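Q: Start counting at 1 in the sequence shown, then tack on 785, and there's your number in our numbering.
The beta-carbon is built from N, C-alpha and C at its ideal position, and this holds for glycine as well.
Since we're looking at a predicted model, the values are computed, not measured.
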Amino acid sequence: MSMSTVAIERRGAGWLSRLNDYVELTRPRIATLVLIVVGVSGYVAGSGSPEFLLLVHAIVGTLLVAASASAWNQLLECQRDRLMARTARRPLPSGRLSAGHVVAFGTITLAVGTAYLALAVNWLTAALGLLTWALYVLVYTPLKSRTPLNTLVGAVPGALPVLMGWSAVRGTPDVFADPRCLAMFSILFFWQLPHFMAIAWIYREQYRRAGLRMLTVVDPTGRRAAVQGVVAAAGLLLISLALAMATGGDGAMVYLFGAFALGAAQLGCAVFFLIKRNGYSARLLLRATLIYLPSLFLFLV
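#1: In whole angstroms, give me the CA-to-CA distance for A900 and F974.
#2: Quick one: is T790 buried, meaning 16 or more other Cβ sit within 10 Å of its Cβ, or exposed?
#3: Below 8 Å on the Cβ atoms is my contact criterion, and I expect Y988 with R871 to pass it. Report the Cβ-Cβ distance as a whole number of Å.
#4: Go ahead and pull the three-state DSSP assignment for S832.
#5: Quick test of your reading: F970 and A944, contact by CB under 8 Å. State the CB separation rounded to the nearest angstrom.
#6: What's the call for A983, buried or exposed, on a 16-neighbour Cβ count within 10 Å?
#7: Using the Cα positions of L1028 and L967, report the straight-line distance between them to the nearest angstrom.
#8: Taking only the alpha-carbon atoms, compute the straight-line gap between M869 and E990 and give it to the nearest angstrom.
#9: Would you kindly check if the distance between the Cβ of Y921 and the Cβ of N935 is under 8 Å?
#10: Examine the Cβ distances between the segment 943 to 959 and the segment 1011 to 1019 and report whether three or more of them are shorter than 8 Å.
#11: Counting pairs of beta carbons, one from the segment 835 to 844 and one from the segment 879 to 893, are three or more of them closer than 8 Å?
#12: Go through its chain and collect everything with a Cβ distance to A798's Cβ below 8 Å, but skip five positions before and after it.
#13: Taking only the alpha-carbon atoms, compute the straight-line gap between Q977 and L1069 and give it to the nearest angstrom.
#14: Less than 8 Å between the CB atoms is what I'm expecting for V906 and L839, so what's the real figure, rounded?
#15: Buried or exposed for S855, please, with buried defined as at least 16 other CB atoms from any protein chain shown within 10 angstroms of its CB.
#16: Ignoring anything shorter than 4 residues, give me the alpha helix (DSSP H) runs that lie fully in the segment 823 to 887, in order along the chain.
#17: By the three-class DSSP mapping on this structure, what secondary structure does K1061 have?
#18: What separation, rounded to the nearest whole angstrom, lies between the Cα atoms of A792 and A903?
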């Protein structure tokens, strides 16, 4: 093999590695969840037959805005990420990407994503995307080191993609008055609480060392976090059943049965976490939340 061939292969590997760093910067698992939420919300808003191309445009634009939010979040939390084993290998704290690269990536994706939503979808979806970004980056991220209420605040931008998917298909501000849309928004809001309370317990020592004011840090017993998880899981069960009445249709009973079974199982895991409060119960609750949301969406669709 010639030296020129080796050099080309090394350059190719370097570009591939850099591309992978940028993909990791977007936090792909969270981005995928956001896109699923937008897609399902738009599908329900369109009564099962939304304009396909319009929904694709909404998903692409949302992906760009979400990528920017993740990048700016990691930029603002870089010093704390270095102190936690679960985040120390991210591209920025590990030094694989510079702060300048992240600023450029986050700025370009936000500008392009917002403009894309405004031009290819509608102004309301673009405005909701910008609001989601601002609440996540400028409000939720700084609050993580100041108050344990950060999870409740962060659950708002976490649920706003429901409104983005809905407004993309409907195109009018009446999304805020539709009971189905509000029910789906509430489901996303409450789902995040047991999910993140379980994570906060599992990584509580890392959060403490990094100076993050998670509920499991200010209350080391975990009782307050567990109670919040139980209350949210109970609220999820009730709201998901109410959504069946708001939606109706021939498949309402199937959805009702599935929503009840999923909600009851998740609530049981949350109660178990409240009683035991150990690594096993927290991981069981975390798995339950990861099963609950996509399964509920499947029944809903």
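A: In this structure, then:
#1: C-alpha separation (whole angstroms): 27 Å.
#2: In this prediction, T790 has a pLDDT of 45, which is less than 50 and means its spatial position is unreliable; what the coordinates show is noted afterwards. Under this definition T790 is an exposed residue.
#3: So it is a contact: roughly 6 Å between Cβ atoms.
#4: Shown here, S832 sits in coil according to DSSP, grouped into three states, outside any helix or strand.
#5: Contact between F970 and A944 holds: their C-beta atoms lie close to 5 Å from each other, under 8 Å.
#6: A983 is classed as buried because its beta carbon has at least 16 other beta carbons within 10 Å across all chains shown.
#7: Computed Cα separation, rounded: 9 Å.
#8: Across the structure, M869 and E990 are spaced so that their CA atoms are roughly 9 Å apart.
#9: No; because the gap between Cβ atoms is not below 8 Å, this pair is not in contact.
#10: With fewer than three CB-CB distances shorter than 8 Å, the segment 943 to 959 does not count as touching the segment 1011 to 1019.
#11: Flag = no, the segment 835 to 844 and the segment 879 to 893 do not touch.
#12: In this prediction, A798 has a pLDDT of 47, which is less than 50 and means its spatial position is unreliable; nothing more can be read from the coordinates.
#13: Taking the straight line from one Cα to the other gives about 15 Å.
#14: Contact holds; Cβ gap of about 6 Å.
#15: The C-beta of S855 has 16 or more other C-beta atoms within 10 Å across all chains shown, which makes the residue buried.
#16: Whole alpha helix (DSSP H) segments, 4+ residues: 837 to 861 and 863 to 866.
#17: The answer is helix: DSSP assigns K1061 an H, G or I state.
#18: At A792 the pLDDT is 40, less than 50, meaning the model places this residue with poor confidence; the figure from the coordinates comes in the next sentence. Approximately 43 Å, taken between the alpha carbons.
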